[in-house]
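A short worksheet on the structure shown next.
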Amino acid sequence: MKVLTDNWSIYWHGFVGTLELTVVSSALALLLGVLIASFRVSPIRALRAFGTGWVTILRNTPLTLLFFIVVLGLPRFDIVLPFFTFSVLALGCYTSAFICEVLRSGINTVPLGQGEAARSLGMTFGQTLGLVVLPQAYRSVVAPIGSVLIALAKNSAIAGSFSVVELLGTYRTINELGYGIVWTFVWIAVGYLVITLAISAVFNILERRTAVSR
């Protein structure tokens with residue numbers, strides 16, 4: 001306990017940093033994931049091609065490499081942002097590809113007759129997707145989306161290598177102060193456990209609520 005109590009402010013600062021990264025990146029990933037999933041099922045060929053390219057490239061690119069591309073590549077185009085923002089972009093874009101595929105699998109569970117009925121009523125593609133298809137697809141993908149966001153929370157540890165304050169990076173400061181590395185990592189693991197269990201609890205509640213409405 002001494003490692004934790006003596007370095008509480010360091011741990012807390014890192015914990016909050018990881019929490020902020022997770023929340024902001026998750027919001028971006030969900031927004032982009034829904035948008036790209038819409039592209040993937042769009043009747044417009046160019047949008048389908050863009051969505052397919054986005055998912056294929058990001059799902060097959062190591063996240064660390066994507067961090068390097070964002071952090072070192074964007075400034076070459078005069079795009080200079082805080083390292084936190086760069087990290088959010090890398091995490092959010094990377095995770096959006098997985099969110100997209102989860103949503104697309106949910107969309108595929110919705111009977112084709114639902115979309116045909118909506119179109120027969122004069123609904124546009126956007127109305128059909130937003131009012132008919134996605135609400136039904138959402139019910140079957142709550143748990144998988146939760147798993148993807150839990151992975152995002154753990155992936156945020158990479159941001160510490162790019163000058164972003166987060167939980168894993170606290171081990172350097174604490175180790176320099178002479179504390180045991182084993183217990184330092186034990187308390188870091190506890191911090192990640194708290195975050196991931198919180199995400200799991202939120203999505204368990206959402207899953208129960210959507211199950212009742214079926």
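Quick note on full-length UniProt numbering: the sequence shown kicks off at 1 and runs consecutively.
Idealized CB from N, CA, C, for every residue including glycine.
This one's a predicted model, so the numbers in the text were calculated from it and none came from an experiment.
Given 8 angstroms, three or more beta-carbon pairs between the stretch 21-39 and the stretch 87-100: yes
Can you tell me whether glycine 178 is helix, strand or coil according to DSSP? coil
Can you tell which of Leu28, Ser38, Leu167 has its C-alpha closest to the C-alpha of glycine 191? Leu167
Burial state of alanine 37 (16 or more Cβ within 10 Å): buried
If you measure between the beta carbons of leucine 47 and leucine 58, is that distance less than 9 angstroms? no
Here's a check: name, in chain order, each residue in its chain whose Cβ is nearer than 6 angstroms to the Cβ of serine 213, leaving out the five neighbours to either side. With a pLDDT of 48 at serine 213, under the threshold of 50, the modelled position of that residue is not reliable, and the figure given next carries that caveat. Nothing listed; no residue qualifies.
Give the list of continuous alpha helix (DSSP H) stretches no shorter than 4 residues that lie fully inside the stretch 110-186. 112-120, 134-155, 170-176
So, helix, strand or coil for leucine 81, using DSSP? coil
From threonine 173 to threonine 184, what does the alpha carbon distance come to, in whole angstroms? 10 angstroms
Just how far apart, CA to CA, sit threonine 64 and serine 120? 47 angstroms
Residues near glycine 115 by beta carbon distance below 8 angstroms, same chain, minus five either side: Thr128, Val132, Val133
If we ignore side chains and look at the alpha-carbon of each, how far apart do proline 43 and glycine 106 end up? 18 angstroms
Using a threshold of 9 angstroms, state whether the C-beta atoms of serine 200 and isoleucine 150 are closer than that. yes
Distance between arginine 104 and phenylalanine 50 (C-alpha atoms, nearest Å): 15 angstroms
Same chain only: Cβ atoms within 7 angstroms of isoleucine 188, ignoring 5 sequence neighbours per side: Leu167, Leu168, Thr170, Tyr171
Spatial distance of serine 25 from phenylalanine 162 (CA atoms): 16 angstroms
What's the gap between the Cα of valine 194 and the Cα of isoleucine 205? 17 angstroms
Below 8 angstroms on the Cβ atoms is my contact criterion, and I expect leucine 21 with valine 88 to pass it. Report the Cβ-Cβ distance as a whole number of Å. 7 angstroms
Beta-carbon proximity of phenylalanine 84 to valine 70, cut-off 9 angstroms: no
Can you have a look at asparagine 155 and say buried or exposed, based on whether 16 or more other CB atoms are within 10 angstroms of its CB? buried
Give the DSSP-derived three-state secondary structure of proline 75 in the structure shown. helix
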